[in-house]
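Undergrad:
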Amino acid sequence: MGQHDSFQVPYVGLKKEFDQRQAELLAAFSKVAANASYILREEVGLFEASISKMLGVRHVIGVNSGTDALFLALKALNIGSGDEVITVAHTFVATIAAIVHCGAKPVLVDIADDFNLAVATLEQAITVSTKAIIPVHMNGRCCDMEAILSIANKYGLHVVEDAAQSMGSHIDGTYAGTFGVINAFSLHPMKNLHCYGDGGVVTTNDDRLAKQLRLLRNHGQNPNKELVAFGFNSRLDNLQAAFLNINLKYFDGDIARRRQIALRYHAGLKDCAGLKLPNPPQQSSYFDVFSSYPIRCAERNRLLRHLQQKGIECFIHWETPLHRNEYLKLGHFSLPVTEQIVSEVLSLPIHPFLEDEQCDYVIDAVKEFFNGC
Ligand SMILES: Cc1ncc(COP(=O)(O)O)c(C=O)c1O
940 MGQHDSFQVP YVGLKKEFDQ RQAELLAAFS KVAANASYIL REEVGLFEAS
990 ISKMLGVRHV IGVNSGTDAL FLALKALNIG SGDEVITVAH TFVATIAAIV
1040 HCGAKPVLVD IADDFNLAVA TLEQAITVST KAIIPVHMNG RCCDMEAILS
1090 IANKYGLHVV EDAAQSMGSH IDGTYAGTFG VINAFSLHPM KNLHCYGDGG
1140 VVTTNDDRLA KQLRLLRNHG QNPNKELVAF GFNSRLDNLQ AAFLNINLKY
1190 FDGDIARRRQ IALRYHAGLK DCAGLKLPNP PQQSSYFDVF SSYPIRCAER
1240 NRLLRHLQQK GIECFIHWET PLHRNEYLKL GHFSLPVTEQ IVSEVLSLPI
1290 HPFLEDEQCD YVIDAVKEFF NGC
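Here is the structure:
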């Protein structure tokens, strides 16, 4: 039995997805295996070209994870020892690990009510050593990129988007992953566009950085297989790319369903006093893709237990903010909003295979907690 099977409303829909798409996925596997095309073959190129077209970005380079996408993006910019990179503590550890593994120093700033980097805290974190800012588009919503880019331009800093959670989100038609000079996505099974293992992509409009990235992901070999640099082994698997090409066909529908569910949650829960909800879809120039549906309430732990007892699987991103982790030695940052938010946040199940009845069951269970609000 899988880890999510004991829940009446599981947090993820990967099994249902496989049920529905298995004929196509298995055919894709058979084709790749029959041709023995495993490393950097046609399917990777096709996937890169499709993402490039979808996002409106010149170069897309498939790599083996979102973590490597971030790390290699920073490497391509020559960020290293003596450099500072500004980001948030309310992120998956990979964002900060990428900075540390490049030899640079992470500088952490606070977040705002929408879980994204608080632009008002950015300028005071900039020093002579600052080289880049990594805005993290959390939960499927873009950061305030106009404000971030304006500060970055003022100080001559690179912007590297961590768009791991936000494939397909945009602001007035400009997509996450196209604002920064070089940007990272994850294709992990928990992401809106995913493969069935690890995967990631780097995006850039800069020809030189794209060329550098292609070298770095493949042992420093150029397209003629000449070794021209030291690189890494970080290629998107051709088999995973074949699966991604199938999931990409369903992507718009998947996002539309996520947004429908977000709207249903919003309509059902908006009158619960003491509960803070994400912005509903369709109310602004922000097109959110709801990779998570994070709600906030002062009695989060009690609400979590109540929902678990009802068979509803929830997720907390993340209980301990990274600057409070004793092993990472980042405790010198003061981030009051981050600390407040992580004590209150709880993500409800949201995925394209969640049925309306399941959403309503979740809504009723939350309402029951708030005495039928
Ligand atoms: C914000 C953020 N950054 C980076 C990553 C790392 O991506 P991956 O798991 O593909 O290495 C993730 C994925 O969990 C993420 O959510």
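Throughout, the working numbering is defined as the position within the sequence shown, counted from one, plus 939. Where a beta carbon is used, it is the ideal one built from N, C-alpha and C, also for glycine. Model, not experiment: these values are computed from the prediction.
Does DSSP classify Y1232 as helix, strand or coil?
TA: In the structure shown, Y1232 sits in a strand (DSSP, three-state: E or B).
Undergrad: Taking just the CA atoms, how far does H1076 sit from N1055?
TA: Approximately 6 angstroms, taken between the alpha carbons.
Undergrad: Assuming D1049 contacts G1139 under a Cβ cut-off of 8 angstroms, what Cβ separation, rounded to an integer in Å, is found between them?
TA: The pair is not a contact, with the Cβ atoms about 27 angstroms apart (cut-off 8 angstroms).
Undergrad: Do D1176 and ligand 1 come close, with the Cβ less than 6 angstroms from some heavy atom?
TA: Flag unset: Cβ of D1176 not near ligand 1.
Undergrad: What number of angstroms, rounded off, separates the C-alpha of T1113 from the C-alpha of I1302?
TA: Answer to the nearest angstrom: the Cα atoms are 33 angstroms apart.
Undergrad: Would you say A1033 touches ligand 1, meaning its beta carbon is less than 6 angstroms from a heavy atom?
TA: Checking every heavy atom of ligand 1 against the Cβ of A1033, one is found closer than 6 angstroms.
Undergrad: Could you tell me which whole beta strand (DSSP E) segments of length 3 or greater appear in the stretch 1230-1305?
TA: Fully enclosed beta strand (DSSP E) runs of 3 or longer: 1232-1235, 1284-1287.
Undergrad: If you scan the stretch 1169-1235 from start to end, which runs of the beta strand (DSSP E) of 3 or more residues do you find wholly inside it?
TA: Counting whole runs of 3 or more residues, the stretch 1169-1235 contains the beta strand (DSSP E) stretches 1232-1235.
Undergrad: Please classify H1127: is it buried, with 16 or more other beta-carbons within 10 angstroms of its beta-carbon, or exposed?
TA: Result: buried.
Undergrad: Across the stretch 1170-1177 and the stretch 1269-1277, are there enough close Cβ pairs to call them in contact, namely three or more that are closer than 8 angstroms?
TA: The answer is no - the stretch 1269-1277 does not touch the stretch 1170-1177, with fewer than three Cβ pairs under 8 angstroms.
Undergrad: Using DSSP with H/G/I as helix, E/B as strand and the rest coil, what is V951?
TA: V951: coil per DSSP, three-state reduction.
Undergrad: On a Cα-Cα basis, can you pick out the residue from P1220, F1292, V1002, Q1248 that is closest to S1108?
TA: Measuring from the Cα of S1108, the nearest candidate turns out to be P1220.
Undergrad: Tell me the residue span of the alpha helix (DSSP H) that contains K1044.
TA: Counting along the chain, K1044 falls outside any alpha helix (DSSP H), though it belongs to the beta strand (DSSP E) covering 1044-1048.
Undergrad: Report the rounded CA-to-CA distance for V948 versus Q1247, giving the unit in angstroms.
TA: When rounded, the distance between both Cα atoms is 10 angstroms.
Undergrad: Look up G1095 in the DSSP assignment and say whether it is helix, strand or coil.
TA: It is coil, neither helix nor strand.
Undergrad: In or out: Y1232 buried (at least 16 other Cβ within 10 Å) or exposed?
TA: Counting Cβ neighbours within 10 Å, Y1232 comes out buried, since at least 16 surround it.
Undergrad: Can you check which of these residues, G1116, D1191, H1097, is closest to S1105 by C-alpha distance?
TA: Considering only alpha carbons, the answer is G1116.
Undergrad: Pop quiz: R1156 and L994 are said to be a contact at Cβ under 8 angstroms. What is the actual Cβ separation, rounded to whole angstroms?
TA: Actually they do not touch by this definition, with Cβ atoms about 19 angstroms apart.
Undergrad: May I ask you to report which of helix, strand or coil DSSP gives F1124?
TA: F1124 falls in the strand class under three-state DSSP.
Undergrad: Count the other CB atoms within 10 Å of the CB of D1111; is the residue buried (16 or more) or exposed (fewer)?
TA: Result: exposed.
Undergrad: Which two residues bound the contiguous alpha helix (DSSP H) that contains E1100?
TA: Here E1100 belongs to no alpha helix (DSSP H), and DSSP marks it neither H nor E.
Undergrad: Check whether the stretch 1250-1261 touches the stretch 1024-1038, counting contact only when three or more Cβ pairs, one atom from each stretch, lie closer than 8 angstroms.
TA: These segments touch.
Undergrad: Among V1305, G1159, N1240, which residue has its Cα nearest to the Cα of A1212?
TA: The residue with the shortest Cα to Cα distance from A1212 is V1305.
Undergrad: For V1228, does the count of other Cβ atoms within 10 angstroms reach 16, so buried, or fall short, so exposed?
TA: Buried, since its Cβ has 16 or more Cβ neighbours within 10 Å.
Undergrad: May I ask whether a heavy atom of ligand 1 can be found less than 6 angstroms away from the beta carbon of Q1063?
TA: Q1063: no, Cβ never under 6 angstroms from ligand 1.
Undergrad: Could you check what DSSP says for V1140 in three-state terms: helix, strand or coil?
TA: If DSSP states are grouped into helix, strand and coil, V1140 belongs with the strands.
Undergrad: Output needed for K1044: all residues of its chain with C-beta closer than 6 angstroms, excluding positions within five of it in sequence on either side, in chain order.
TA: Closer than 6 angstroms at the Cβ level, and outside the excluded window around K1044, lie E1023.
Undergrad: In this structure, does DSSP put N1157 in helix, strand or coil?
TA: Three-state DSSP puts N1157 in a strand.
Undergrad: Determine contact between the stretch 1285-1295 and the stretch 1192-1204, defined as no fewer than three beta-carbon pairs at a distance below 8 angstroms.
TA: Touching, per the Cβ criterion.
Undergrad: Can you name, in chain order, every residue of its own chain whose Cβ lies under 6 angstroms from the Cβ of D1193, other than the five neighbours on each side?
TA: Excluding residues within five positions, the ones whose Cβ falls inside 6 angstroms are P1291.
Undergrad: Just list the residues that DSSP pairs E1023 with in beta bridges.
TA: Paired residues: K1044, T1069.
Undergrad: I'd like to check one pair, L1148 with I1185: are the Cβ atoms closer than 7 angstroms?
TA: Not in contact: I1185 and L1148 (Cβ atoms no closer than 7 angstroms).
Undergrad: Give me the residue from V971, S1068, A1057 with the minimum Cα distance to E1085.
TA: For the residues V971, S1068, A1057, the minimum Cα distance to E1085 belongs to A1057.
Undergrad: Can you determine whether any heavy atom of ligand 3 sits closer than 6 angstroms to the C-beta of Q1104, and answer yes or no?
TA: Absence of ligand 3 is noted for the structure shown, with ligand 1 being the only ligands found.
Undergrad: Please identify the residue among F1169, T1060, L1216, A1123 whose C-alpha is closest to the C-alpha of I1090.
TA: Nearest C-alpha to I1090: T1060.
Undergrad: Exposed or buried, T1143, counting other C-beta atoms within 10 Å across all chains shown (16 or more means buried)?
TA: Classification of T1143: buried, given that the 10 Å Cβ count is 16 or more.
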